[in-house]
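Chains as they are written, first to last, in our numbering: chain A, 2 to 844; chain B, 6 to 121. From the three backbone atoms N, C-alpha and C, an ideal C-beta is built for every residue, glycine too.
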């Protein structure tokens with residue numbers, strides 16, 4: 002095991018060079034923009050960043066220039082970030098969801114020279130030089146040690162991070178190389194890390210918590226990071242399972258939502274008691290690996306290897322933390338600020354305390370001010386805000402940074418954070434209430450999704466006011482909830498008033514912290530409106546606000562009896578927007594055709610309240626592709642295959658010499674004449690290619706039937722061939738393409754029949770559009786092939802019918818392989834489909 | 006002779022706003038992958054107008070956006086590469102169509118005629 006020698010590393014470019022050099026051939030980053038997994042080694046990353054830096058140099062970026070970086074998490078983001086560092090320039094990472102006005106403001110403030118932007122981010126034209134981070138040409142040769150870049154000093158500014166923060170105006174936090182590296186060093190020592198860490202990165206990289214934990218730390222240890230291209234649960238599951246993720250950074254909100262979902266699922270299945278019992282048992286077992294076996298269903302979906310979740314960004318409730326630990330996953334909660342680059346304290350594996358944020362990391366000293374505020378000092382504390390002396394002076398007191406958080410040390414030396422100083426509620430009696438204390442009680446209640454406790458100003462004094470975000474299916478009266486919670490609270494903490502939050506979610510910062518000042522502002526303004534909607538289930542309230550927004554009418558006009566067409570003249574675009582937003586924001590899919598001329602708002606409410614079934618998805622089944630099964634198959638297949646072929650299909654194979662140079666994975670496109678095609682093609686293939694092979698089967702034929710016969714033949718074919726489900730429905734191809742991508746990532750060659758069905762006449766049919774998408778996105782060589790004569794062995798059955806058993810007739814067959822080819826990405830899907838079709842006809 | 010006609014006009018800025026906000030839905034339920042190759046808002050507005058025109062002409066249900074595919078010939082003339090055919094077999098064979106799309110400023114308009 003090789004480690005970086007931190008004594009010699011003073012700046013980020015040095016760290017980057019050393020890490021890329023030391024871990025050259027280690028896999029560094031994986032990314033799945035479409036259906037395939039792409040991975041970069043550290044060496045490749047080094048070369049990319051160097052090539053990128055070269056481009057920046059040609060564009061005239063000098064030492065100290067500010068460069069704006071906007072993009073979603075991806076290896077390209079990392080390359081762009083380090084390219085900026087290599088040039089000695091200052092990175093200004095911004096959220097990809099920033100609006101035009103904000104970006105413009107930051108550009109003016111920082112006098113940025115250039116903007117690096119992901120092509121996925123939509124911005125209107127900004128009057129400045131812009132480069133897309135994905136369009137960097139592949140570097141040639143071994144160039145990652147190009148050292149004609151300017152010298153960087155450890156006290157130079159490395160980046161300016163803008164904190165939207167929980168309060169007011171954005172401020173640019175200037176972080177130097179030393180700030181970042183000292184924090185990196187201390188964080189590494191606090192949480193022991195090593196190179197077989199496999200991390201998933203889902204929090205935004207422009208935020209310091211993910212940047213430190215999800216970029217610098219893995220880089221310094223040679224660990225692997227998987228960037229999620231989307232937060233879709235299926236996409237995440239794919240990453241968890243295939244990359245065997247064992248570490249992740251999360252915000253409490255994420256853990257809490259998952260916790261609630263697992264509980265809700267258990268309740269739905271009537272297993273809530275069982276879950277509580279198991280949790281109780283698990284807590285008594287000291288071995289985390291045993292706990293994992295108890296909760297195998299949960300661990301199965303996250304790939305069996307999840308070991309540690311580092312949690313930060315906001316306070317984590319004790320109950321949620323304990324739940325995850327009972328599942329057999331370490332939860333290490335830490336605490337920090339952007340201003341401290343970012344970590345201040347963290348729990349360690351051997352020093353953990355539920356509910357606390359741990360002990361200070363090395364080099365950091367903390368003390369508690371008389372008013373309870375946490376003060377910090379250390380090499381990682383920033384020097385000041387960009388171009389804002391006034392604010393800088395405000396946050397420092399005698400050389401200590403005022404964190405703005407209230408907290409205390411317990412007798413064992415663990416820090417506990419009570420909440421933001423700003424949001425502390427001071428009652429007329431002078432007693433202080435921390436919203437977080439009341440919130441954690443409220444959030445433990447059934448039916449409450451989240452809550453915010455704020456101090457509502459009422460004639461000179463403040464009252465403890467709770468804002469509740471209720472679950473969609475909540476049936477309990479909110480009054481009862483508040484009354485129950487009040488019983489458990491201390492007398493002065495008790496909730497004096499409450500309102501129901503009418504929107505889908507609270508306003509939040511990028512790390513999902515509540516923006517309490519916004520909540521408070523809205524509550525103080527709209528008190529009447531909020532109380533108006535008290536009695537209705539929240540999802541219908543939300544539906545009403547969606548309708549009002551889409552049709553651009555005031556909320557009061559949304560009445561049950563009104564018809565969409567007659568009363569609001571809704572057109573098709575509005576209908577699409579309505580349906581799309583219901584799907585996005587309520588998670589309920591409504592078929593557009595269900596909203597007709599006669600639909601009233603009441604009808605739509607009924608539609609939304611009804612449970613909908615979703616599109617069919619076939620979960621990835623890894624068993625047929627396990628090495629042992631592959632071995633068993635390769636022994637069994639010849640025993641069955643060759644005698645059958647000898648009996649029924651005397652074979653003539655042509656063009657085999659074209660396959661000699663091919664290695665897995667390859668995509669075979671064949672015409673489809675009958676069910677006998679598959680064994681015949683198998684018989685024609687050389688053993689080398691046949692050993693790892695999968696065949697796409699129409700999912701509607703074999704995978705959606707419930708009868709015993711179909712299920713049996715499905716399992717048998719999965720073992721013998723193996724087949725995998727591929728949908729033939731229009732608009733649902735995405736999941737099938739992902740399935741194919743996963744197989745190809747595992748090195749399996751794929752046989753596909755792009756005509757989509759057997760040809761009744763023996764003639765070649767036009768291809769499905771999916772063929773072009775596959776040909777381009779999978780980026781593997783394609784072999785067109787042609788089968789002749791199989792329709793006489795087993796005649797094709799009627800369309801869409803499940804396979805029936807025919808007694809095969811003997812007939813000679815011929816299989817011809819065409820010249821392998823690849824398709825350039827620039828060709829486009831439609832042209833690619835045509836191209837493939839021509840190639841297949843040409844065989 | 007049977008003739009069916011449909012037309013639609015799209016105000017591009019509004020279309021763009023809705024499209025950007027609900028990209029996922031448009032990708033999954035309205036446009037086909039091959040149409041998205043022309044992913045320019047003006048083009049997509051034209052394609053959307055053509056779909057709406059065809060829906061009007063044929064009296065289709067609202068969930069059949071993806072049953073209609075707009076494509077362009079080499080010379081740039083648009084046509085419907087795919088659309089639901091009438092049930093009547095005789096009509097089906099002779100069924101023909103013409104499609105015309107036009108943009109100006111902030112509007113896109115499409116006319117479609119089916120005849121047999």
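Check, Outcome
"Own chain residues within Cβ distance below 6 Å of residue 289/A, not counting five before or after", "329"
"Stretch pair the segment 739-751 of chain A + the segment 661-672 of chain A: three plus CB contacts closer than 8 Å", "yes"
"Whole-angstrom distance between residue 74/A and residue 205/A, CA atom to CA atom", "6 Å"
"Buried or exposed by the 16-neighbour rule on C-beta atoms within 10 Å, applied to residue 675/A", "buried"
"Proximity to residue 792/A [Cα-Cα], best of 740/A, 820/A, 677/A", "677/A"
"Boundaries of the beta strand (DSSP E) in which residue 108/B is found, first to last residue", "101-109"
"Proximal residues of chain A, C-beta to C-beta of residue 25/B below 7 Å", "123"
"Residue 75/B (DSSP reduced to helix, strand or coil)", "strand"
"Residue 75/B at chain A interface by Cβ criterion, 9 Å", "no"
"Exposed unless 16 or more other CB atoms sit within 10 angstroms - verdict on residue 381/A", "buried"
"Three-state class that DSSP yields for residue 840/A in the structure shown", "helix"
"Neighbourhood of residue 11/A by C-beta, 6 Å cutoff - its chain only, sequence neighbours within 5 removed", "155"
"Secondary structure, beta strand (DSSP E): runs of 3+ residues fully inside the segment 245-308 of chain A", "248-251"
"Contact under 9 Å by Cβ, residue 593/A with residue 34/B", "yes"
"Within chain A, the residues that residue 80/B reaches when beta carbons sit closer than 7 Å", "Chain A residues near residue 80/B: none, gap ~16 Å exceeds 7 Å."
"N-terminal and C-terminal residue of the alpha helix (DSSP H) that residue 791/A is part of", "791-794"
"Pick from 648/A, 840/A, 762/A, 757/A that is closest to residue 811/A, judged by C-alpha positions", "648/A"
"Rounded Cβ spacing between residue 334/A and residue 317/A (contact assumed at less than 8 Å)", "5 Å"
"Contacts of residue 38/B in chain A (Cβ-Cβ under 7 Å)", "770, 774, 830"
"Residues of its chain near residue 736/A, where Cβ-Cβ distance is below 6 Å and the 5 sequence neighbours each way are ignored", "618"
"Where residue 249/A falls, given that 16 or more other Cβ within 10 Å makes a residue buried", "buried"
"Test: residue 70/B CB closer than 9 Å to a CB of chain A", "yes"
"The segment 66-86 of chain A / the segment 31-48 of chain A touching (three or more Cβ pairs under 8 Å)", "yes"
"Complete beta strand (DSSP E) runs within the segment 327-356 of chain A (minimum length 3 residues, chain order)", "331-337, 344-347"
"Extent of the continuous beta strand (DSSP E) run through residue 67/A", "67-71"
"Contact with chain B by residue 735/A, beta-carbon distance below 9 Å", "yes"
"Residue 277/A versus 686/A, 324/A, 415/A, residue with shortest Cα-Cα distance", "324/A"
"In DSSP terms, what residue 113/B is bridged to", "15/B, 108/B"
"Residue-level contact to chain B via CB, residue 609/A, 9 Å cutoff", "no"
"Endpoints, alpha helix (DSSP H) assigned at residue 688/A", "688-691"
"Residue 242/A (DSSP reduced to helix, strand or coil)", "helix"
"Cα-Cα separation, residue 363/A to residue 180/A", "13 Å"
"Contact set between residue 576/A and chain B, taken where Cβ atoms lie within less than 7 Å", "67"
"8 Å contact criterion, which residue 824/A and residue 776/A should meet: CB distance rounded", "5 Å"
"9 Å Cβ cutoff met for residue 208/A and residue 247/A", "no"
"Under 9 Å from the C-beta of residue 30/B: neighbouring residues of chain A", "577, 578, 580, 581, 582, 584, 585"
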